[in-house]
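Asks: Got a structure for you, questions after.
Number of protein chains: 2
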Amino acid sequence: MNIGEVADATGLPPKTIRYYEDIGLIRPRRGANGYRDFSGADMHKLAFLGRSRALGFSIADCRILLALYEDKGRASAEVKEIAQGHLAEIDRKIAGLTELRGTLAHLVAECAGDSRPDCPILASLADAS
Amino acid sequence: MNIGEVADATGLPPKTIRYYEDIGLIRPRRGANGYRDFSGADMHKLAFLGRSRALGFSIADCRILLALYEDKGRASAEVKEIAQGHLAEIDRKIAGLTELRGTLAHLVAECAGDSRPDCPILASLADAS
DNA sequence: CTTGAGCTTCCAGTAACTGGAAGGCCTATA
DNA sequence: TATAGGCCTTCCAGTTACTGGAAGCTCAAG
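Chains as they are written, first to last, in my numbering: chain X, 77 to 205; chain E, 77 to 205.
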C-alpha cells in the first residue's frame, strides 16, 4: 500500500506518517521505485498511534505503549500506570485552565466593551494588586 | 536596573526577558558596559507581559494587548474582543480535555492493572471498533 | 589581584509536526 | 509518443515560547 492510501485509511497525513518513520515508530518496506510499501501490520501500528495521540499521549508514551502492545506477555499494570499518569496530567491541565477561565471570565464580564478607553482587563494586567 | 533585579521583581527569568527584547516587545536602554538598563516603564511592560502570559494569552495577543495598553485612547471593545476570543479557546480546550479524560478514565477503570497480559486499554488503542 | 557572580552574544534543542521546493515516477489522454 | 497531472521522494526551514550551554566580558568583594 502506498502512503496516500494509508493516509486515507488511518486519517493521518502523509507528512505525519513519514515523520513517524523518521523517528523510528514504523519501518515500512520500500518498493523498487523507492516508494514506501505499507503492510497490514504497519497500518495497524499507525492506527494505534493515531488513537493514542488522539487520547493525548505523548510520542514518548506512544513509543512505550506500542512496545507493550507488541509484547504479548506484558503485564497490564505497566500500561495502566502510563494511562493513569496521563490521566493525572489531564486533570492538572483541566484544573489550571478552569482557574484561568474563572479569572478571565470575571475580567471580561467587568469590561464594558464599548468605545470608551476605560478597560478593567488592561487595568488588571497592568497592576495585579 | 540590571536584568537580574528585573527578573527578581517580575518573576520572569532573564532568558525570557532577553527573548522578549529579541522579538521586540521591549527596548531597554544600554549602559556604557553593554548591560541592559531597564526603566520603570520597561518593568511595567514586563510585569504586564508576565500577567498576560500567565492568563494564557499568546505572545501575538500580548503584543496587541500591550499596544492597546500603551494607547490611552483605545476603545475597550478591542481588548474585550481579544479576551473573549481567548476565553472561547480556553472553553474549547477544557471541553476537549474533559471528553478525553472521560474516555481515558473509562479505560483505566476497566484495566485490572495486574501482572496478567490482558489489557483493555491496549485493546481499545489497537481497535477502536 | 583574584575570584566568583552577573552580564553579554550566539548556537542549538525542545514537541510534533507542517509547508514548500526540487525532482523522480506513473498513468491517461491527445 | 509527448505531455499533463498527480503521487511519490528527500531535504530544509518554520512553527511556539522559550531554555540550556558555551565563550567571553564586567563588576564588586576580599
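All C-beta atoms, glycine included, are put in the ideal place defined by N, C-alpha and C.
These numbers were taken from a predicted model, which means no experiment stands behind them.
1. Expressed to the nearest angstrom, what Euclidean distance is found between the alpha-carbon atoms of residue 147 (chain E) and residue 167 (chain E)?
2. With a threshold of 16 other CB atoms inside 10 Å of the CB of residue 162 (chain X), please say whether the residue is buried or exposed.
3. Do you know whose CA, among X:141, X:173, X:150 and X:178, lies nearest residue 160 (chain X)'s CA?
4. Since residue 111 (chain E) is in the alpha helix (DSSP H), which residue starts that stretch and which ends it?
5. What did DSSP end up calling residue 212 (chain X) once you bin it into helix, strand or coil?
6. For residue 121 (chain E), count neighbouring C-beta atoms within 10 Å of its own C-beta (all shown protein chains included) and say buried if the count is 16 or more, exposed if not.
7. Going along the chain, which residues of the segment 170-194 of chain X sit with their C-beta nearer than 8 Å to a C-beta in chain E?
8. When the cut-off is 8 Å and only beta carbons count, does residue 139 (chain X) lie next to chain E?
9. Against chain E, does residue 152 (chain X) count as a neighbour if the rule is that its beta carbon must be under 8 Å from one of theirs?
10. Is there at least one Cβ from chain E nearer than 8 Å to residue 145 (chain X)'s Cβ?
11. One question on the structure: do residue 87 (chain E) and residue 126 (chain E) come within less than 8 Å of each other, judged by their Cβ atoms?
12. Using the C-alpha atoms, what's the distance from residue 186 (chain E) back to residue 101 (chain X)?
13. Ends of the alpha helix (DSSP H) at residue 91 (chain X)?
14. Please tell me whether residue 201 (chain X) has its Cβ less than 8 Å away from any Cβ of chain E.
15. Give the residues of chain E in contact with residue 167 (chain X), contact being defined as C-beta atoms less than 8 Å apart.
16. Going along the chain, which unbroken runs of the alpha helix (DSSP H) with 4 or more residues stay wholly within the segment 100-175 of chain E?
17. Give the secondary structure of residue 204 (chain E) by DSSP, where H, G and I count as helix, E and B as strand, and everything else as coil.
18. Could you check if residue 143 (chain E) is buried or exposed, using at least 16 other CB atoms within 10 Å of its CB as the buried criterion?
19. Can you give the beta carbon distance from residue 77 (chain X) to residue 114 (chain X), rounded, assuming they're within the 8 Å contact cut?
20. What did DSSP end up calling residue 87 (chain X) once you bin it into helix, strand or coil?
21. Can you give me the Cβ contacts of residue 133 (chain E) inside the same chain, cut-off strictly under 7 Å, excluding the 5 residues immediately before and after it?
22. List the residues of chain X whose Cβ lies closer than 9 Å to the Cβ of residue 197 (chain E), in chain order.
23. Rounded to the nearest angstrom, what separates residue 165 (chain X) and residue 191 (chain X) at their Cα positions?
24. Under 8 Å, do residue 195 (chain E) and residue 152 (chain X) count as touching if we go by C-beta distance?
25. Going by Cα to Cα distance, which pick from E:202, E:175 and E:79 is closest to residue 116 (chain E)?
Replies: This is what the structure gives:
1. In a straight line, the C-alpha of residue 147 (chain E) is about 29 Å away from that of residue 167 (chain E).
2. Residue 162 (chain X) counts as buried, since at least 16 other C-beta atoms from the protein chains shown sit within 10 angstroms of its C-beta.
3. Nearest C-alpha to residue 160 (chain X) among X:141, X:173, X:150 and X:178: X:141.
4. Neither: residue 111 (chain E) is in no alpha helix (DSSP H) and is coded neither H nor E.
5. Residue 212 (chain X) lies beyond the residue range present for chain X, which begins at 77 and ends at 205; the question has no answer from this structure.
6. Residue 121 (chain E) comes out buried.
7. Correct list: 170, 173, 174, 176, 177, 179, 180, 181, 183, 184, 187, 188, 189, 190, 191, 192, 193 and 194.
8. Residue contact check for residue 139 (chain X) against chain E: no CB pair falls below 8 Å.
9. So, interface residue.
10. Yes, its Cβ sits closer than 8 Å to a Cβ of chain E.
11. Contact: yes.
12. If you take the alpha carbons of residue 101 (chain X) and residue 186 (chain E), they lie about 27 Å apart.
13. Unbroken alpha helix (DSSP H) run through residue 91 (chain X): 90-98.
14. For residue 201 (chain X), the answer is yes, since a Cβ of chain E falls inside 8 Å of its Cβ.
15. Simply 177.
16. Correct list: 116-130 and 135-146.
17. Note: residue 204 (chain E) maps to coil in three-state DSSP.
18. The residue in question, residue 143 (chain E), is exposed, as its Cβ has fewer than 16 Cβ neighbours within 10 Å.
19. Going by Cβ atoms, the distance from residue 77 (chain X) to residue 114 (chain X) rounds to 4 Å, so yes, they are a contact pair.
20. The answer is coil: DSSP assigns residue 87 (chain X) none of H, G, I, E or B.
21. Within the same chain, residue 133 (chain E) has close Cβ partners 141 and 162.
22. The contacting residues are 141, 152, 155, 156, 158 and 159.
23. Roughly 42 Å between the two C-alpha positions.
24. For residue 195 (chain E) and residue 152 (chain X), yes; Cβs fall inside 8 Å.
25. Of E:202, E:175 and E:79, the residue nearest in Cα terms is E:79.
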